[in-house]
Amino acid sequence: MIGERMKVASLALLLFAAPFIGCSRTVAPPKIVEITGDDFMKFSVTSFDAKPGQSVTVKLRNVGELPREAVAHNWVLLAKEAFAPKFVEAGTSHPEGGYIAFEQEFYVLAKTKMLGPGESDSVTFTAPGVPGAYDYLCTFPEHYAGGMKGVMTVRP
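Count along the sequence shown from 1, add 255, and you get the number used in my numbering.
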């Protein structure tokens, strides 16, 4: 008798809880951010917001005309704990890695490939679950110093 009551109670609990299992919160719809980089070492978008856990697609297009060897662009999103100037400095001697030093790669949350004039690339990633400011930048030498940077702010 007690065993039957336990089975019924367990089944009732499972039926009640089933719709809620795995549904801890509602996630925002996907976000698409279109950014251009130019010959003046500037991103067209220097800040945008995302929700924690939101799917974000960044589409980068190099609208410049100077040759790739002189002015290529990429888009790199860094972890909160990264110190952008040190990250960029460490990568200057690593053209083979998109000017990202191997020992600094763990700071990269998302990135596009290095783009020459007229080229484009996109990257889709999940926004971090921790609110705050996340730097993004171009790693091509002198571009960060020239102002090719921005901030993605994660807000609940």
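Glycine included, C-beta positions come from ideal geometry on N, C-alpha and C. The structure presented is a predicted model; accordingly, all values stated were derived computationally and were not measured.
Considering only residues of the same chain and omitting the five flanking positions on each side of residue i, which have a CB-CB separation below 6 Å?
i: H398; result: M296
i: A356; result: A345, G346 and H349
i: A365; result: L332, V378 and F380
i: P396; result: T347
i: G319; result: D293, D294, V326 and P372
i: A283; result: K306 and Q309
Roughly how many angstroms separate the alpha carbons of residue i and residue j, rounded to a whole number?
i: P340; j: K404; result: 11 Å
i: F303; j: G401; result: 20 Å
i: G352; j: T367; result: 12 Å
i: W330; j: L392; result: 6 Å
i: R316; j: H328; result: 9 Å
i: V288; j: K314; result: 6 Å
i: R323; j: L370; result: 7 Å
Looking at residue i: is its Cβ nearer than 7 Å to the Cβ of residue j?
i: S375; j: T312; result: no
i: T394; j: Y354; result: yes
Three-state secondary structure (DSSP) at residue i?
i: K341; result: helix
i: R358; result: The sequence as given places Glu at residue 358; Arg does not occur at that position. It is helical.
i: G373; result: coil
i: G319; result: coil
i: E351; result: helix
i: G405; result: strand
i: G476; result: There is simply no residue 476 to check, as the chain begins at 256 and stops at 411 in what is shown.
i: S279; result: With a pLDDT of 46 at S279, under the threshold of 50, the predicted position of this residue should be treated as unreliable, though the coordinate-derived value follows. DSSP places S279 in coil when its eight states are reduced to three.
i: E289; result: strand
Please name the residue in the options whose C-alpha comes closest to that of residue i.
i: A337; options: G387, F395, G402 and P411; result: G387
i: Q359; options: V409, K306, T367 and F342; result: F342
i: T408; options: M369, E324 and K335; result: K335
i: V300; options: K306, A283, I290 and G384; result: I290
i: G384; options: E324, P411 and M369; result: P411
So is residue i in contact with chain D if we call contact Cβ pairs under 7 Å?
i: E374; result: Any reference to chain D falls outside this structure, which holds one protein chain only.
Less than 7 Å between C-beta atoms, sequence neighbours within five positions excluded: which residues of the same chain meet that for residue i?
i: L321; result: D294 and P372
i: A305; result: K286, V311, A382, M407 and V409
i: F298; result: I290, G292, M403 and G405
Going along the chain, which residues of its own chain have a beta-carbon closer than 8 Å to the beta-carbon of residue i, five neighbours each way excluded?
i: Y389; result: L332, L333, A334, K335, L364, P383, V406, M407, T408 and V409
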